[in-house]
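Q: Got a structure here, written out as structure tokens. Questions coming.
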Amino acid sequence: MALVSVNTGAEAPALDPARLAEAAVHYSAVSAVRSFPVPAVHWRRGGLMKTAEERSEIENKIIYPLLLHSKDPVSAIVVEFYPDMENRLGILAIWSNGKSRESLIPRSVEGAYDAEAYRVLLVQPTP
């Protein structure tokens with residue numbers, strides 16, 4: 013099975029933290045931050061998981077390797093299960109600099125994910 017990847021946006025222009033001075037939360041420019049929180053992971057339609065062990069497999073083969081190999085901090089990951097594509101898993105990674113990558117990760121006939129599947133989210137898009 014081929015991995016499918018979509019570049020969902022180039023680096024977005026940063027918002028101006030000065031305009032948020034009155035916010036209830038203190039915001040800083042990404043370039044000024046040295047330590048980042050663990051990214052939020054949203055499991056969309058998680059009830060469609062095939063087995064109870066599938067979440068652990070996705071974390072171990074896709075999410076943690078992505079976070080360990082990413083050169084930029086990841087802010088959020090959306091894991092999406094599709095009722096009409098039971099052998100594919102949608103992953104959307106959103107980086108703190110505004111970049112995002114989305115991919116459909118195939119599941120083998122045996123029900124497993126490839127240990128290298130996360131790499132498709134780190135590939136630079138073709139110009």
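Counting the sequence shown from 1 gives a position; our numbering is that position plus 12. Glycine residues also receive a C-beta, built at the ideal position from the N, C-alpha and C atoms.
(1) As a quick exercise: from 112, 123, 63, pick the residue whose alpha carbon is nearest that of residue 82.
(2) Just reading off the beta strand (DSSP E) that residue 54 is part of, what are its end residues?
(3) So, at 7 Å on beta carbons, what are the nonlocal neighbours of residue 94 in its own chain, with the 5 sequence-adjacent residues on each side left out?
(4) By DSSP's criteria, residue 92 is part of a beta bridge. Which residues make up the other side?
(5) By Cβ distance, which residues of its chain are closer than 6 Å to residue 130, with the 5 residues on each side in sequence left out?
(6) Any contact between the region 41-59 and the region 112-127? By contact I mean 3 or more CB pairs, one from each, below 8 Å.
A: The relevant details are as follows:
(1) By one-based count along the sequence shown, residue 82 stands at place 70. Nearest C-alpha to residue 82: 112.
(2) Against the sequence shown, residue 54 aligns to sequence position 42. Under the DSSP assignment, residue 54 falls in the beta strand (DSSP E) whose first and last residues are 52-56.
(3) Start at 1 with the first residue of the sequence shown, and residue 94 comes out as number 82. Within the same chain, Cβ atoms closer than 7 Å to the Cβ of residue 94 are found at 100, 102, the five residues on either side in sequence being excluded.
(4) As a first step, residue 92 must be located in the sequence shown, where it is residue number 80. Its beta-bridge partners are 56, 102.
(5) One-based indexing of the sequence shown puts residue 130 at position 118. So the qualifying residues of the chain are 74, 77, 78.
(6) No, they do not touch.
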